[in-house]
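Have a look at the structure below before the remarks.
There are 2 protein chains.
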Amino acid sequence: MPERFYEKRHFIEDISLYFEQMGMPRTAGRILGVLLICDPPEASMIDLCEELQASKSSVSTNARLLDEMDLIERVATPLPRQICYRFKPGGWVTFMRMRLRLYGSLHHIAERGLDLLQDADPPLRARLQEAHDMFSAIEEELPLLLKHIQEEHGIP
Amino acid sequence: MPERFYEKRHFIEDISLYFEQMGMPRTAGRILGVLLICDPPEASMIDLCEELQASKSSVSTNARLLDEMDLIERVATPLPRQICYRFKPGGWVTFMRMRLRLYGSLHHIAERGLDLLQDADPPLRARLQEAHDMFSAIEEELPLLLKHIQEEHGIP
DNA sequence: GCTTTCGTTCGGTATTGACAGAACGTTCCG
DNA sequence: CGGAACGTTCTGTCAATACCGAACGAAAGC
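So the sequence lines, in the order shown, correspond to chains A and B.
Note that numbering that gives the first Met the number 0 gives residue 9 to position 10 of the first sequence, counting from 1, and the numbers run on in steps of one.
Note that numbering that gives the first Met the number 0 gives residue 60 to position 61 of the second sequence, counting from 1, and the numbers run on in steps of one.
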């Protein structure tokens with residue numbers, strides 16, 4: 000049993016809970032948790048199954064989910080017939096971009112709401128105008144912020 | 000039946016779906032949707048029950064949730080024994096601040112992960128260093144952005 | 001070429017949580 | 001005071017979904 004075993008499990012569980020808050024399955028969060036602290040940085044599906052005490056099917060499904068989200072990626076492995084995953088460099092930027100698109104959609108919804116209230120008094124429209132201004136500002140500024148961070152740290 | 004009936008229902012459903020993505024109950028999102036486009040801008044619980052065809056209990060519970068999140072607020076009403084809600088000015092800023100706290104928590108989790116890898120090589124730490132840098136930057140910059148937007152639009 | 005070992009997909013199961021109905025407490029009116 | 005209207009809370013029910021086991025398909029070694 001590796002040292003710091005319990006601490007690592009706590010970390011994995013923290014990541015899992017966080018991504019559960021973000022609407023993802025627990026197991027997906029746990030896989031990501033492992034791939035964030037494992038040494039070496041890549042892990043096979045069998046490794047993940049053992050580490051998480053989860054079934055093949057669950058690991059397979061959730062790993063594919065993370066792969067499609069571009070948070071992890073498959074890497075070459077000398078082992079035959081085995082698939083290895085690792086955390087994908089730049090994954091956090093990708094993650095934030097995804098969240099960003101969600102906020103952007105609220106921007107559009109607000110616009111549609113303003114259309115519905117186009118004949119109404121400005122005070123009535125203020126509720127949605129506030130949303131529109133806020134989320135278009137975020138939609139505009141946050142990509143710049145992300146790009147800035149990205150360049151500052153040499154993330155691909 | 001009021002004009003633009005279907006359009007309003009679509010708007011309400013869009014808001015509902017959006018906040019479902021954010022991890023909130025459907026009914027809470029629908030209440031918020033109504034309070035974003037209703038005229039007058041306040042609605043009693045009975046109004047909401049009728050508009051949404053939902054039970055008193057559901058409306059009561061979810062309105063309280065939105066109230067605790069500071070997205071809506073109770074307002075005075077001439078009607079006896081009735082409670083009126085309206086969208087709370089500045090609610091969107093509050094909303095974004097809440098989301099921000101969530102990202103902040105990831106920043107702290109990343110720090111704990113780095114502690115676990117303190118003896119590891121820098122390449123191994125890069126995964127978490129990227130998260131740490133990204134989310135502390137966001138945690139630092141986004142409040143400024145929010146404050147900027149807030150002042151620019153005179154939101155309380 | 002047969003067996004073995006992985007990964008994927010499908011169907012069933014258990015758990016979670018959102019909603020409605022019922023009972024309760026409160027406030028206002030007759 | 002008694003009754004009615006409104007909001008809250010509690011409990012049961014239903015639906016959604018995350019997980020597992022099993023069957024299937026593919027690829028490598030004997």
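All residues carry an ideal CB built from backbone N, CA and C; glycine is no exception.
Exposed unless 16 or more other CB atoms sit within 10 angstroms - verdict on residue i
{"i": "residue 29 of chain A", "result": "buried"}
{"i": "residue 95 of chain A", "result": "buried"}
{"i": "residue 56 of chain B", "result": "exposed"}
{"i": "residue 22 of chain B", "result": "exposed"}
{"i": "residue 145 of chain B", "result": "buried"}
Residues of its chain near residue i, where Cβ-Cβ distance is below 7 angstroms and the 5 sequence neighbours each way are ignored
{"i": "residue 109 of chain A", "result": "127, 130, 131 and 134"}
{"i": "residue 82 of chain A", "result": "43, 44 and 73"}
{"i": "residue 101 of chain B", "result": "none"}
Cα-Cα separation, residue i to residue j
{"i": "residue 72 of chain A", "j": "residue 66 of chain A", "result": "6 angstroms"}
{"i": "residue 74 of chain A", "j": "residue 40 of chain A", "result": "11 angstroms"}
{"i": "residue 38 of chain A", "j": "residue 19 of chain A", "result": "25 angstroms"}
{"i": "residue 123 of chain B", "j": "residue 26 of chain A", "result": "23 angstroms"}
{"i": "residue 86 of chain B", "j": "residue 80 of chain A", "result": "57 angstroms"}
{"i": "residue 34 of chain B", "j": "residue 52 of chain B", "result": "15 angstroms"}
{"i": "residue 61 of chain A", "j": "residue 76 of chain A", "result": "20 angstroms"}
{"i": "residue 104 of chain B", "j": "residue 50 of chain B", "result": "38 angstroms"}
{"i": "residue 91 of chain A", "j": "residue 137 of chain B", "result": "12 angstroms"}
{"i": "residue 63 of chain A", "j": "residue 44 of chain A", "result": "11 angstroms"}
{"i": "residue 70 of chain B", "j": "residue 112 of chain A", "result": "17 angstroms"}
{"i": "residue 84 of chain A", "j": "residue 84 of chain B", "result": "50 angstroms"}
{"i": "residue 121 of chain B", "j": "residue 106 of chain B", "result": "18 angstroms"}
{"i": "residue 143 of chain B", "j": "residue 46 of chain A", "result": "43 angstroms"}
{"i": "residue 156 of chain A", "j": "residue 78 of chain B", "result": "For chain A, the structure presents residues 0 to 155; residue 156 of chain A sits outside this window and is missing."}
{"i": "residue 24 of chain B", "j": "residue 24 of chain A", "result": "17 angstroms"}
{"i": "residue 125 of chain B", "j": "residue 125 of chain A", "result": "45 angstroms"}
{"i": "residue 139 of chain B", "j": "residue 139 of chain A", "result": "18 angstroms"}
Own chain, CB closer than 8 angstroms to residue i, minus 5 neighbours either side, in chain order
{"i": "residue 48 of chain B", "result": "54, 55 and 58"}
{"i": "residue 32 of chain B", "result": "10, 11, 12, 13, 14 and 15"}
{"i": "residue 36 of chain B", "result": "7, 10 and 11"}
{"i": "residue 17 of chain B", "result": "28"}
{"i": "residue 68 of chain B", "result": "93, 94 and 97"}
Beta carbon proximity, residue i to chain A, threshold 8 angstroms
{"i": "residue 73 of chain B", "result": "no"}
{"i": "residue 69 of chain B", "result": "no"}
{"i": "residue 96 of chain B", "result": "no"}
{"i": "residue 41 of chain B", "result": "no"}
Residue i at chain B interface by Cβ criterion, 8 angstroms
{"i": "residue 14 of chain A", "result": "yes"}
{"i": "residue 6 of chain A", "result": "yes"}
{"i": "residue 84 of chain A", "result": "no"}
{"i": "residue 23 of chain A", "result": "no"}
Own chain, CB closer than 6 angstroms to residue i, minus 5 neighbours either side, in chain order
{"i": "residue 99 of chain A", "result": "141"}
* Pairing CB atoms from the segment 142 to 154 of chain A with CB atoms from the segment 127 to 138 of chain B, are three or more of them under 8 angstroms? -> yes
* Does the segment 112 to 124 of chain A come close enough to the segment 83 to 101 of chain A to have 3 or more Cβ pairs within less than 8 angstroms? -> The segment 112 to 124 of chain A vs the segment 83 to 101 of chain A: no contact.
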